[in-house]
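> Sharing a structure below in structure tokens format, with a few things to ask.
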Amino acid sequence: FFGFICNVYEYDIGVSILYLNQVLFMTSSNFPVSLSFLSSIILFLIIFFMSYREAFFEYAIRNSIWMTLLIIFQSWIWYWFTSGFDLVQIGIFFISLEGYLTILIILGINVVSAFTASYIKIKLKQSLTKHKEIIL
465 FFGFICNVYE
475 YDIGVSILYL
485 NQVLFMTSSN
495 FPVSLSFLSS
505 IILFLIIFFM
515 SYREAFFEYA
525 IRNSIWMTLL
535 IIFQSWIWYW
545 FTSGFDLVQI
555 GIFFISLEGY
565 LTILIILGIN
575 VVSAFTASYI
585 KIKLKQSLTK
595 HKEIIL
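This is how it looks when you write it as structure tokens:
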């Protein structure tokens, strides 16, 4: 996910990396229009495959929520590497509406992806057991 964003941005990303909703939905003027939703799809697919592999869907949902925190922390670390260590921006992140919108959007993508993967896995298991009953 961050590797794709890093390859798309050919220059300093600045504060946009803290507010990932600007990157995910192209509200930042620095992001190419043709690749605006591709980062959202990549994030969805990563969480989808991670959740699909879980044995219990409760674990998948729990892990997707934890991934939200990990993604936010990774964006802060990337910001610190590119712009220098500045705790003021982290404080501004939690004061601004944009910061909470970023958290909610990432949480929404992750949870929807986990629910989708869990639903598909359950339906696939039901279909396979149904076909086994028909064959036997």
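Residues in the sequence shown are numbered from 465 upward in steps of one, following our numbering. Heads up, the beta-carbon is just placed ideally off N, CA and C, and yes, glycines get one too. A quick note: this is a predicted structure, and the numbers were derived from the prediction, not measured.
Using the C-alpha atoms, what's the distance from GLN553 back to ILE541?
12 Å
> Under 7 Å between the Cβ atoms of ILE535 and ILE570?
yes
> With distance defined between alpha-carbon atoms, name the residue in LEU502, SER539 and ILE511 nearest to ILE529.
Answer by Cα proximity: ILE511.
> Can you check which of these residues, PHE521, PHE537, LEU502 and SER504, is closest to PHE557 by C-alpha distance?
PHE537
> Have a look at LYS585, MET531 and GLY563 and flag the residue whose alpha-carbon is nearest the alpha-carbon of LEU507.
MET531
> On the DSSP letters alone, give me the boundaries of the alpha helix (DSSP H) that LEU534 sits inside.
521-547
> Expressed to the nearest angstrom, what Euclidean distance is found between the alpha-carbon atoms of LYS587 and SER504?
25 Å
> Given that a residue counts as buried once 16 or more other Cβ atoms are within 10 Å of its Cβ, and exposed if not, what is GLY548?
Burial call: exposed.
> If the criterion is Cβ atoms closer than 7 Å, does the pair LEU482 and SER539 meet it?
yes
> Can you find the residues in the same chain that come closer than 7 Å, C-beta to C-beta, to THR566, ignoring five residues on each side of it along the sequence?
TYR483, LEU484 and ASN485
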